[in-house]
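>
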Amino acid sequence: MTLFHVGSIIITLLVVLYADEQGLQYVRGKISTLSQKRVMVLHTLVAIGLASIILTGARMVLEDPEFYFSQPVYWAKMSFVSVLIINAFFIGHLSRIAVTTPFAELSAKARRPLFVSGGVSVCAWVATILLGLTLSGWW
Numbered sequence: 003m004t005l006f007h008v009g010s011i012i013i014t015l016l017v018v019l020y021a022d023e024q025g026l027q028y029v030r031g032k033i034s035t036l037s038q039k040r041v042m043v044l045h046t047l048v049a050i051g052l053a054s055i056i057l058t059g060a061r062m063v064l065e066d067p068e069f070y071f072s073q074p075v076y077w078a079k080m081s082f083v084s085v086l087i088i089n090a091f092f093i094g095h096l097s098r099i100a101v102t103t104p105f106a107e108l109s110a111k112a113r114r115p116l117f118v119s120g121g122v123s124v125c126a127w128v129a130t131i132l133l134g135l136t137l138s139g140w141w
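With positions in the sequence shown counted from 1, the corresponding number in my numbering is that position plus 2.
#1: Among the residues of its own chain, which have a CB less than 7 Å from the CB of T4, if the five just before and after it don't count?
#2: Which parts of the segment 115-139 are runs of the alpha helix (DSSP H), unbroken and 4 residues or longer, counting only runs that do not cross its ends?
#3: Spatial neighbours of F82 within its chain, please: CB distance less than 6 Å, with the 5 preceding and 5 following residues excluded, ordered by chain position.
#4: Between the alpha carbons of V43 and I93, how many angstroms are there, rounded?
#5: Please work out which residues of its chain come closer than 7 Å, Cβ to Cβ, to L137, disregarding the five sequence neighbours upstream and downstream, and give them in chain order.
#6: Expressed to the nearest angstrom, what Euclidean distance is found between the alpha-carbon atoms of L36 and H95?
#7: Are V41 and S119 touching if we call contact CB-CB under 8 Å?
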């Protein structure tokens with residue numbers, strides 16, 4: 003199950019990195035607005051990937067629940083996974099801005115949630131991966 007879990011993480015991260023690259027191009031003004039179709043496809047792929055990560059992780063926990071539930075690192079990791087899930091809803095909402103309005107036309111107030119959500123995403127992904135590596139003994 004570990005192979006499926008790690009594979010799901012790697013594939014999902016590749017999609018996230020591509021989506022983030024598109025967002026960076028938008029912020030830098032290289033792309034005026036993002037393609038609504040591309041944003042929807044990427045958001046769907048990340049949601050499927052995140053669901054796959056959660057399901058394969060849950061399967062691993064079911065194999066040895068006493069171990070996982072007794073580990074503070076596991077609960078910290080689950081907290082960051084929760085942050086990723088919640089942030090996915092914000093990203094879905096905020097992506098509507100990027101498909102209709104060029105970044106240069108946004109006020110500082112309108113830009114702030116985009117940066118906050120992006121920062122939360124990066125921090126939560128990194129923390130989740132590092133905690134997972136710690137939990138597995140790879141780190």
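Every residue, glycine too, gets a C-beta built ideally from N, C-alpha and C.
All values reported here derive from a predicted model rather than from experimental measurement.
For this structure:
#1: Along the sequence shown, read from residue 1 onward, the residue named residue 4 stands at position 2. Take T4, set aside five residues on each side of it, and the residues of its chain with a beta-carbon closer than 7 Å to its own are M62, in chain order.
#2: Runs found: none.
#3: By one-based count along the sequence shown, residue 82 stands at place 80. Only A126, A129, T130 meet the Cβ criterion.
#4: In the sequence shown, residue 43 corresponds to position 41, counting from 1. In the sequence shown, residue 93 corresponds to position 91, counting from 1. Answer to the nearest angstrom: the Cα atoms are 13 Å apart.
#5: The residue given as residue 137 occupies position 135 in the sequence shown. Cβ neighbours of L137 within its own chain (closer than 7 Å, five residues either side excluded): Q73, V75, Y76, K79.
#6: By one-based count along the sequence shown, residue 36 stands at place 34. By one-based count along the sequence shown, residue 95 stands at place 93. Cα to Cα, L36 sits roughly 14 Å from H95.
#7: Against the sequence shown, residue 41 aligns to sequence position 39. Against the sequence shown, residue 119 aligns to sequence position 117. Cβ distance not < 8 Å, so V41 and S119 don't count as in contact.
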